[in-house]
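Undergrad:
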Amino acid sequence: MINPQTGVEEVELERLEAAIEAILFTMGNSVELSKIAAAIEHDEETTRKIIRNLMLKYDRADRGIKILELEGSYQLCTKEEYFEQLIRVASQPKRQALTETMLETLSIIAYKQPITRIEIEKIRGVKSDHAVNRLIEYGLIEEVGRLDAPGRPILFATTEEFLRSFGISSLGDLPQASPEMVEEFKEEAEEEIEVET
Amino acid sequence: MINPQTGVEEVELERLEAAIEAILFTMGNSVELSKIAAAIEHDEETTRKIIRNLMLKYDRADRGIKILELEGSYQLCTKEEYFEQLIRVASQPKRQALTETMLETLSIIAYKQPITRIEIEKIRGVKSDHAVNRLIEYGLIEEVGRLDAPGRPILFATTEEFLRSFGISSLGDLPQASPEMVEEFKEEAEEEIEVET
Amino acid sequence: MGISVKLEMFEGPLDLLLHLIDKNKIDIYDIPIVEITAQYMEYVNAMDHQDLDVISEFLVMAATLLDIKSRMLLPPDEDEEGEEIDPREELVERLLEYKMYKAMAQELKDRLTDAGQHLYKPPTVPPEVAKYEEPVDLNRLLDGLTLRKLEDIFRQVMQRREDKIDPIRSSFGNIRKDPVRLSDKLLHVIDYAQKSPRFSFRSLLEQSREKPEVVVTFLAVLELIKIGKLSVAQEKIFADILLEWNPDNTIELRKEDLEQYD
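Chains as they are written, first to last, in the numbering used here: chain E, 4 to 200; chain P, 4 to 200; chain S, 69 to 330.
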């Protein structure tokens, strides 16, 4: 029996389809029509018809892959509707955790907000862009404006999500650190000077 | 309509088969049953049944690829009957040639694993470190622990690559050697004697 | 027959024996040991005796054969059940076992050829999948972090900063820091270790304020490990490194000795 679309004997057609599937599978990347034609020993026109026919078969609901046509080349790829399942297998579960750096940065922003990145870096003594970016990504801090200073640096502050996450209703509920601590530092410093002199 | 083999609704089954195909295609390497099960959100038993069912579908004449089972992992590969067409397009995979020595050593490890080098040497009657080292290098065997004996000698066993290279799904599928084969030897030997006398 | 034997022809003495048994069409269970031994010796004598490693394995088998040959001449031993023990029994078992694995090796070889016709595909994770990042679970992220802790962290950060800005020195304007000396650090680490013989490397480093000091502390620890004053252990990769003072080490380190490190 001759297949009307391709003009190839049905039994032979099945074998050719299988060979093309094997070729596209193994190559991974796109394969030129001429190469496929040479491999299955048919002319390009017939090969193109066979591939077209095969593409329709891949449309079936029980297939997870399909054939892409790219400027006379062909490539196998997964159907988009299975990305969700792919993600579950392909993506290594990244353990998200707040690093020391991020914790320090967050605490500085919480107590000194609004604050620029430069100020954070001055306090920490090291670059902090990565930590700041991650904290923004996590929705714990956000940009709240720009400082009226040269370069107009961005000011960062904690978000509502931050309050919610820590179960406080306002920044006023943060454990009071600042005033006493500042006082303490001042005193310590003064004492030291007195001891020295 | 429920599929009797898998106990899954037919429409859903097609979607799951497609998802599994997409997963195996994307990953290229072997994927553990548990990962596939997690990705398609079914238990391992059902997933195994679905894969078995899918494997039968791949047997069809118009498919050029098939699913390999490797000790509870699954991997897609091309069917051997298309090798000829494939090597016209794809470069032939480099296969390290295995010497007689390595084959002997490998077969001893395959059947007696886990096994120490000393035990291998006892059976072969000759030093075997070189062969063992090469087999490790080729990824066919690996260290799997140490024997609880003086000197704590290393135990060797075959790898998944071994299964793949030799077309074996699990160690249980190794060609059966022991009793029948010994029997065969005996018969052969007896026959030979009869011929002689 | 001129036997110019390439030793490489045989995998080993068992292989050679199997070859002889095969060639002579002998019943493996009833090896004519005299004949076989003679033939075996003929091969071994013809061998290239350069490679001692290889030849020695063949000689061990020769000794075994000669031993069996001599035992065949003696009245047979009996086992516990009073059955005669055939001196060849053990050798036959070894030969059979070896022959079996040789056969399996051939079986595997065939399979290797068949399976070699399978081609695989490299992983091709679609960019949309590769790019995917898990949504952040803030509850899990902030698990165990309390406001109190956040405040502590803030206090520590500010404290560290205060420490760095030494109020006295900073009032002097620009002062060049003394370089950190290895001898000083050695003394410091020795002192520290004698007070607390088991301590964590991290706790030691935490006393350093500046990068050069951390580096020199590290060097000091390395030196002390080298001369055996300290032993080092780590439970698992990336775990804290534990250092232990070794009181039995008798190397004396005087201050003058230490200065040679500077």
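Just so it is clear, CB atoms sit at the ideal spot from N, CA and C, and this is done for glycine as well.
1. When DSSP builds the beta bridges, which residues end up paired with residue 148(E)?
2. Between the stretch 90-97 of chain S and the stretch 135-146 of chain P, are three or more C-beta pairs nearer than 8 Å?
3. How big is the Cα-Cα spacing for residue 32(P) and residue 41(E)?
4. I'd like to know if the stretch 79-94 of chain P and the stretch 174-189 of chain S are in contact, where contact means that at least 3 CB-CB pairs between them fall below 8 Å.
5. I want to verify the contact list: residues of chain S whose CB lies under 9 Å from the CB of residue 173(P), in sequence order.
6. Determine the burial state of residue 22(P): buried for a count of at least 16 other Cβ atoms within 10 Å of its Cβ, exposed for fewer.
7. Tell me whether the stretch 257-266 of chain S and the stretch 141-155 of chain E touch, counting them as touching only if at least three CB pairs, one residue from each stretch, are closer than 8 Å.
8. Let me know if residue 70(E) comes out buried or exposed under the rule of 16 or more other beta-carbons within 10 Å of its beta-carbon.
9. Can you give the Cα-Cα distance for residue 68(E) and residue 52(E), rounded to whole angstroms?
10. Excluding the 5 residues preceding and the 5 following residue 314(S) in the sequence, name in chain order all residues of the same chain whose CB lies nearer than 8 Å to its CB.
11. At the 9 Å Cβ level, is residue 243(S) part of the contact set with chain P, yes or no?
12. Since residue 169(E) is in the alpha helix (DSSP H), which residue starts that stretch and which ends it?
13. Closest to residue 318(S) by C-alpha separation, out of 166(S), 292(S), 176(S), would be which residue?
14. State yes or no: is the beta carbon of residue 85(E) nearer than 9 Å to at least one beta carbon in chain P?
15. Could you give the distance in angstroms between the alpha-carbon of residue 303(S) and the alpha-carbon of residue 131(P)?
16. Which residues of chain S have a Cβ atom closer than 7 Å to the Cβ of residue 169(E), listed in chain order?
17. Step through the CB atoms of chain S and report whether any lies within less than 9 Å of the CB of residue 116(P).
18. Is the closest heavy atom of the ligand SAH to the C-beta of residue 142(S) under 8 Å?
19. Rounded to whole angstroms, what's the CA-CA distance from residue 146(S) to residue 156(S)? Just pull it up for me.
20. Beta-carbon within less than 8 Å of residue 89(P)'s beta-carbon, same chain only, minus the 5 sequence neighbours each way: which residues are those?
21. Hey, residue 168(E) and residue 210(S): beta-carbon distance below 9 Å or not?
22. Just verifying my parser: in three-state terms, what is the DSSP assignment at residue 243(S)?
23. Quick one: Cα of residue 159(E) to Cα of residue 170(E), how far?
24. Check the Cβ of residue 23(P) against every Cβ in chain E and list those closer than 8 Å, keeping chain order.
25. My assumption, with CB atoms under 8 Å, is that residue 3(E) sits in contact with residue 222(S). Please give the rounded CB distance.
26. Using a beta-carbon distance cut-off of less than 9 Å, what residues from the stretch 28-54 of chain E approach chain S?
27. Output yes if chain E places a C-beta closer than 9 Å to the C-beta of residue 145(P); else output no.
28. Against residue 111(P), what residues of chain S qualify as contacts under a CB-to-CB distance less than 7 Å, listed in chain order?
29. For residue 79(P), go through chain E and note every residue whose CB falls closer than 8 Å to its CB, in chain order.
30. Residue 150(S): buried (16+ other C-beta within 10 angstroms of its C-beta) or exposed?
31. What separation, rounded to the nearest whole angstrom, lies between the Cα atoms of residue 320(S) and residue 133(E)?
32. At 8 Å on the CB atoms, spell out the chain P contacts of residue 166(S), in chain order.
33. When the Cα atoms are used, what is the spatial distance from residue 254(S) to residue 46(P)?
34. Taking residue 98(P) as the query, report the chain S residues whose CB atoms sit under 9 Å from its CB, ordered along the chain.
TA: Based on what the coordinates show:
1. 158(E)
2. no
3. 28 Å
4. yes
5. The premise fails here: residue 173(P) is roughly 14 Å from chain S at the closest Cβ pair, so nothing lies under 9 Å.
6. buried
7. no
8. buried
9. 19 Å
10. 296, 297, 298, 299
11. In this predicted model, residue 243(S) has a pLDDT of only 48, less than 50, meaning its place in the structure is not dependable; the value taken from the coordinates is given anyway. Answer no: the Cβ-Cβ gap between residue 243(S) and chain P never drops below 9 Å.
12. 163-169
13. 292(S)
14. yes
15. 35 Å
16. 215
17. no
18. The model depicted lacks the ligand SAH and carries no ligand whatsoever.
19. 14 Å
20. 81
21. yes
22. Note that residue 243(S) scores 48 on pLDDT, short of 50, meaning its location in the model is unreliable; the coordinates nonetheless yield the value given after this. DSSP places residue 243(S) in coil when its eight states are reduced to three.
23. 20 Å
24. 67
25. Only positions 4 to 200 of chain E appear in this structure, which leaves residue 3(E) out of reach.
26. 28, 29, 30, 31, 32
27. no
28. 169
29. 28
30. exposed
31. 48 Å
32. 126, 127, 128
33. 60 Å
34. 180, 184
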